[in-house]
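Each remark here refers to the structure printed beneath this line.
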Amino acid sequence: MKYIRIFFLLSLAISTAISCDSASSKIKKSGTVTTDVVTADDQPVFQFESEEHDFGIIEEGTVVTHEFVFTNAGKAPLVITSAQGSCGCTVPEYPRDPVMPGKKGVIKVSFDSSNRAGRQDKTVTLIANTVPNTKILKITSEVVSKKPQNQ
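This is the structure we're talking about:
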């Protein structure tokens, strides 16, 4: 019984050693690993005139808009794949076509202040082929309740 255990353990050790040697020899035989290196210099780059906007004091129920103007300061076409507001009251519109290097684009953000009294801090998250791939725009406002009408 002892011999069977010893034989089994010895067989296991030998097969493990052979398989490890086989894997390392395959790695050595495969040659060099090549990767496509893309530097940040080759990428599109957002350059906004401003990344924040304050609408100031607005009356509840008002819809206000602001246009965030940007330039593609990179060397490749800038493609925005999505723009998402932090809530349903914040709706962004963005260019669907690539913005070429050196050209301008506009992100139009609408904010609906209905049922939103008090200080409002909202964001729009852009996803694009930039490094990093996200950019956050911020809007703020102070929403005051509508004054009741005298009847």
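Quick note on numbering: the sequence shown equals residues -19 to -1, 1 to 132 in mature numbering (1 follows the signal peptide of the UniProt record, and there is no 0).
All C-beta atoms, glycine included, are put in the ideal place defined by N, C-alpha and C.
Beta-carbon proximity of residue i to residue j, cut-off 8 angstroms
i	j	result
residue 86	residue 76	yes
residue 62	residue 109	yes
residue 118	residue 80	no
residue 44	residue 93	yes
residue 57	residue 23	yes
Span of the beta strand (DSSP E), counted from its first residue to its last, around residue i
i	result
residue 77	Premise fails: residue 77 is in no beta strand (DSSP E) and is neither H nor E.
residue 86	85 to 93
residue 33	33 to 40
residue 30	Looking at the DSSP string, residue 30 is not in any beta strand (DSSP E), and its letter there is neither H nor E.
residue 66	61 to 66
Assigned exposure category for residue i - 16 Cβ within 10 Å defines buried
i	result
residue 113	exposed
residue 128	exposed
residue 116	buried
residue 37	exposed
residue 50	exposed
residue 97	buried
residue 120	buried
Residues bridged to residue i [DSSP beta-bridge criterion]
i	result
residue 54	For residue 54, which the question treats as bridged, DSSP gives no partner whatsoever.
residue 25	In DSSP, residue 25 forms no bridge with anything.
residue 115	108
Reduced DSSP secondary structure (H/G/I, E/B, other) of residue i
i	result
residue 100	strand
residue -18	helix
residue 43	coil
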